[in-house]
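K.L.:
Each residue of the sequence shown is one higher than the one before, starting from 8 at the first, in my numbering. For each residue, glycine too, the CB sits at the ideal point set by N, CA and C. Dropping a structure here in structure tokens format, bear with me for questions.
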Amino acid sequence: MFWFFDWTILILIPAMILTMWAQAKVSGNLNKYSHIATKRGMSGAAIAAKMLADHGIRDVTIERLPDHKAWADHYDPKAKAIRLSAHVHDSSSIAAVSVAVHEVGHALQHNEAYMPLAFRSGMFPVVRIGSGLAVPLIIAGIAIAWFQWLTPEIASLIINIGIILFTVVVVFQLITLPVEFNASKRAMELLETGRYLSTDDEIRGGKKVLNAAALTYVAAAAVAISQLIRLLLIASRVRE
């Protein structure tokens, strides 16, 4: 009975394909552009510090994460800290510089009381969440849907809880999209106007890194929405 085909799983296929594509683009671009140094030669940490100083922001610290936390870069609005992985903090590569300045973009948002950032932080105060949620959301949704084959009462209870959880996740992901896209837009403007990326090839590389990273948030949002639709359909079927 547990192996009964559930056609609602088909709803997830487009989002799953998007997730795999997004992860491939992120990995490919980070791998490529983390090995190409910028002509300016400044590390991600040095550029981040200079940009903060140029904007008069003196209460944001820049911290180096442990070596094993690769590409775990994030801005923590509660601690007012930009935390950079070793690959970003110490490197002058196109990827490192682009990622570091993206986090500066979040610090600028916080300094300007950018409403979507404040809303996201207040709703779900975790320092780094969103881009890596797609796969866990796929697994969680499938696990919750599995309970539809139990007694109607238990199935209805668990699936309704899942609907509530995924509704919250969908709202969070939709708020996250403008926050991340705005931070990337700010990053590219800062990198170009400050000539930190000084050639057309460097600028193109920086855009590829930032756009690929932003795509992972789109994928996570697509998965969350697909799972919510799927659970709503399953709930309707259980009630019938």
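Please tell me whether, using a cut-off of 6 Å, the distance from the CB of Ser-105 to the nearest non-hydrogen atom of the ligand ATP is below it.
P.N.:
Judged by which ligands are present, the structure shown has none, so any question about the ligand ATP falls away.
K.L.:
Rounded to the nearest angstrom, how far is the Cβ of Gln-116 from that of Ala-190, given a contact under 8 Å?
P.N.:
Taking the sequence shown and counting its residues from 1, one reaches residue 116 at position 109. Taking the sequence shown and counting its residues from 1, one reaches residue 190 at position 183. Yes, Gln-116 and Ala-190 are in contact; Cβ-Cβ is about 6 Å, under 8 Å.
K.L.:
For a minimum of 4 consecutive residues, which ranges assigned as the alpha helix (DSSP H) are wholly contained in the stretch 87-153?
P.N.:
Here the runs fully enclosed are 93-96, 101-118, 122-130, 141-152.
K.L.:
What number of angstroms, rounded off, separates the C-alpha of Tyr-40 from the C-alpha of Pro-21?
P.N.:
Residue numbering aside, residue 40 sits at position 33 when the sequence shown is read from its first letter. Residue numbering aside, residue 21 sits at position 14 when the sequence shown is read from its first letter. Roughly 28 Å between the two C-alpha positions.
K.L.:
According to DSSP, which residues form a beta bridge with Tyr-203?
P.N.:
For the purposes of this step, residue 203 is taken as the residue at position 196 of the sequence shown. None; Tyr-203 has no bridge partner.
K.L.:
Less than 7 Å between the C-beta atoms of Ala-231 and Val-176, yes or no?
P.N.:
Your numbering for residue 231 matches position 224 in the sequence shown. Your numbering for residue 176 matches position 169 in the sequence shown. Result yes, Cβ atoms of Ala-231 and Val-176 sit closer than 7 Å.
K.L.:
How is the alpha helix (DSSP H) around Asp-83 delimited, first residue to last?
P.N.:
As a first step, residue 83 is located in the sequence shown; it is residue number 76 there, counting from the start. That residue, Asp-83, is in no alpha helix (DSSP H); its beta strand (DSSP E) goes 81-83.
K.L.:
For the pair the stretch 226-244 and the stretch 166-173, tell me if three or more CB-CB distances fall below 8 Å.
P.N.:
The stretch 226-244, when compared against the stretch 166-173, does touch it at the 8 Å Cβ threshold.
K.L.:
Once DSSP output is grouped into helix, strand and coil, what is the label at Arg-237?
P.N.:
Numbered from its first residue, the sequence shown carries residue 237 at position 230. In the structure shown, Arg-237 sits in a helix (DSSP, three-state: H, G or I).
K.L.:
Leaving out five residues on either side along the sequence, give the residues of the same chain with a beta carbon under 6 Å from the beta carbon of Trp-10.
P.N.:
Walking along the sequence shown from the start, residue 10 turns up at place 3. Annotation note: pLDDT 44 at Trp-10 (below 50); position unreliable, coordinate value reported separately. Around Trp-10: no qualifying Cβ.
K.L.:
Is the beta carbon of Ala-186 sitting closer than 7 Å to the one on Pro-84?
P.N.:
Taking the sequence shown and counting its residues from 1, one reaches residue 186 at position 179. Taking the sequence shown and counting its residues from 1, one reaches residue 84 at position 77. It should be pointed out that residue 186 corresponds to Val in this sequence rather than to Ala. No; because the gap between Cβ atoms is not below 7 Å, this pair is not in contact.
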